[in-house]
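Position one of the sequence shown corresponds to residue 0 (numbering that gives the first Met the number 0), numbered consecutively onward. Note that the Cβ used here is the ideal one computed from N, Cα and C, for glycine as well. Keep in mind it's a predicted model, so treat the numbers as computed, not measured. See below for the structure under consideration.
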Amino acid sequence: MNRRAIFVALILSIVVSYVLWNKIQTTGKTGEVITNIPPKLETKALVVAKKRVPVRTRVEAGNVNELFEMKDLLASEANRFPDAFTAIASLTGRFTAVTILQGDVITNERMLADDAIPDLAHAIPEGRRAVSIAVSKVSGVGGFIEQGNFVDVIAMFKLPSGEAISKIVLQDILVLAVGGMYQFDGTLATAPPAIAAGKVDLVTMAVTPEELERLMYLDSGVTFRLVLKNPKDKNKRVETTGATEKAVMKGLGIGEEEPAPQPVARPIQPTIPPEQPTFELPTTPVAPVVKEPPAVAVTAAPKDDGKVEIWYGSSDQRKELIRETLPTRMGGSTYTPVAPTRLPSPTSQAPTRDIAAPGIDEE
C-alpha cells in the first residue's frame with residue numbers, strides 16, 4: 000500500500016472525529032435535539048361550517064361563530080374553492096342559499112348576496128308589519144314606484160266644520176313589493192306592468208303597528224296618494240300643519256279682507272239697567288191646571304105626597320085634590336077634592352085660567 004495515502008486518510012479521519020466530537024459537546028450543553036424536519040407545506044385558511052345550517056338562515060353577529068369556523072387547508076385543496084370566504088365576519092348579514100353540511104367550505108354559491116333576501120317575510124324590518132293596499136296609476140305615482148323605494152302618504156280629510164284639509168300622515172315608508180311579485184335579487188329593479196298599464200294593483204309596504212292603523216283607515220275610503228321620495232331624503236321628516244282652502248288663498252294673497260275701521264271712543268253714560276224679570280224653569284214637566292166649574296147646589300126633588308094644587312076662578316082661591324089610583328079597568332086616576340084654602344093675592348101675578356080636573360065638580 001501507499002504509505003502516503005494511508006497517512007492522508009488518517010489525518011482526515013482525525014479531523015472529522017474532532018469536528019463531530021466538538022459538535023456533540025456543544026449540543027449537549029444547549030439541550031437541543033437534532034431531529035429530521037420535514038419540508039414545510041403551503042396551506043390556506045378558509046371558512047367551513049361547524050354544523051348543519053338550514054337553507055334561508057340569516058347569519059348574524061350573535062350566531063356567526065356558532066355556525067362557522069376557520070380551518071387551514073392545503074394549498075392544493077384550497078385552490079379548488081377560488082370563491083371561498085376567508086373571513087367569518089364577511090358572512091354577517093347574509094342568508095344561506097342552500098342547506099350547508101358540517102365541514103363544507105363556504106363559497107359564494109352557498110350564500111346569497113349582501114342585499115338579497117330569500118322571501119318577503121325576511122325582508123320585513125324588525126318591529127314592522129307588511130301590508131298591501133290597492134293603488135291606481137294616479138295614486139301610485141304613475142307606476143314609477145319600485146321595490147325598495149321609500150314613500151310618504153298624503154290624505155284628504157274633512158274637519159268637523161265641514162272644511163277640507165290635506166295632510167301628510169305617513170313618512171319614510173319602505174316599499175317591500177309592487178304588484179304580486181317579489182324580486183329575490185335586490186340588485187334587479189321591480190317591473191310593475193299592472194300599474195304602468197293604468198290598472199289597479201297592489202303596493203306592499205313595511206309599517207309600524209301605529210302606522211298600520213292609520214293606513215287601514217285611509218284605505219277604508221279616504222282619498223290618499225303615495226308620494227315617491229329621493230333615497231337621499233330617507234329619514235328626513237318634516238312637520239306640516241296641513242293645507243285648507245283659507246290657508247292656500249292666504250298664502251297666495253287672494254281674498255284678503257280689508258281691515259275694519261277702528262271704532263271711535265265715546266264717553267260712556269252711566270245707565271241703570273232695568274230689572275230683568277227672572278224665570279225659573281221647572282225641572283220636571285208640570286201638568287196644566289184645570290179649573291173645576293163652581294159647584295151647583297142641587298135641590299132634591301120634592302117627594303110626591305099624592306097631592307095636586309089646582310088654581311081656578313080668582314087668584315086667591317085654590318083647591319087641593321088628593322090623587323088616588325083608580326082600578327085598572329077604569330084606566331086612570333081619580334082626584335078627591337079637598338077643602339079650598341084661601342091664599343093671599345099676589346099683586347104682580349098674572350091671571351090664570353081655570354083648570355078643571357077631569358071628573359071633578361066645582362063646589
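Item, Value
"Put I144 into one of helix, strand or coil per three-state DSSP.", "coil"
"Within 10 angstroms of the Cβ of R363, are there 16 or more other Cβ atoms? Answer buried if so, exposed if not.", "Outside the shown range of the chain, which is 0 to 362, sits residue 363, and nothing can be said about it."
"Under 8 angstroms: do the stretch 155 to 167 and the stretch 134 to 142 share three or more Cβ pairs, one atom per stretch?", "no"
"Flag this pair as yes or no: are the beta carbons of A83 and T56 separated by less than 7 angstroms?", "no"
"Rank A115, V177, P124, A74 by C-alpha distance to the C-alpha of R39 and give the top, closest one.", "Residue identity check: residue 39 is Lys in the sequence provided, not Arg. Among A115, V177, P124, A74, the Cα nearest to that of K39 is on A74."
"State the DSSP-derived secondary structure class of S219, mapped to helix, strand or coil.", "coil"
"With H, G and I counted as helix, E and B as strand and the rest as coil, what does DSSP make of A205?", "strand"
"Distance check for I5 and L19, CA to CA, integer angstroms please.", "21 angstroms"
"Could you tell me how far apart the beta carbons of L66 and V54 are, in whole angstroms, since I believe they sit closer than 8 angstroms?", "Incorrect: roughly 13 angstroms between the Cβ atoms, too far for contact."
"Roughly how many angstroms lie between the CA atoms of A193 and Q146, to the nearest whole one?", "In this prediction, A193 has a pLDDT of 44, which is less than 50 and means its spatial position is unreliable; what the coordinates show is noted afterwards. Roughly 14 angstroms separates the two Cα atoms."
"Quick one, which of L217, G250, R2, A86 has its alpha-carbon nearest K157's?", "L217"
"Skipping 5 residues on each side, what residues in its chain have a beta carbon closer than 6 angstroms to that of T189?", "Note that T189 has pLDDT 49, beneath the 50 cutoff, so the model's placement of it is unreliable and no number is given."
"Per DSSP, what kind of secondary structure is D200 in: helix, strand or coil?", "strand"
"Tell me whether A8 sits in a helix, a strand or coil according to DSSP, three-state version.", "helix"
"Three-state secondary structure (DSSP) at L73?", "strand"
"Does DSSP put V97 in a helix, in a strand, or in coil?", "coil"
"For I253, count neighbouring Cβ atoms within 10 angstroms of its own Cβ and tell me buried if that reaches 16, exposed if not.", "exposed"
"Check whether the stretch 198 to 216 touches the stretch 228 to 241, counting contact only when three or more Cβ pairs, one atom from each stretch, lie closer than 8 angstroms.", "no"
"Under 7 angstroms, do R51 and L100 count as touching if we go by C-beta distance?", "yes"
"Out of D113, S89, E41, D114, point me to the one whose CA is closest to N78's CA.", "E41"
"Let me know if V14 comes out buried or exposed under the rule of 16 or more other beta-carbons within 10 Å of its beta-carbon.", "exposed"
"Hey, how far is the Cα of V247 from the Cα of D171?", "26 angstroms"
"Rounding to the nearest angstrom, what Cα-Cα distance links N21 and K43 in this structure?", "42 angstroms"
"Taking the continuous alpha helix (DSSP H) assigned at A246, which residues delimit it?", "244 to 251"
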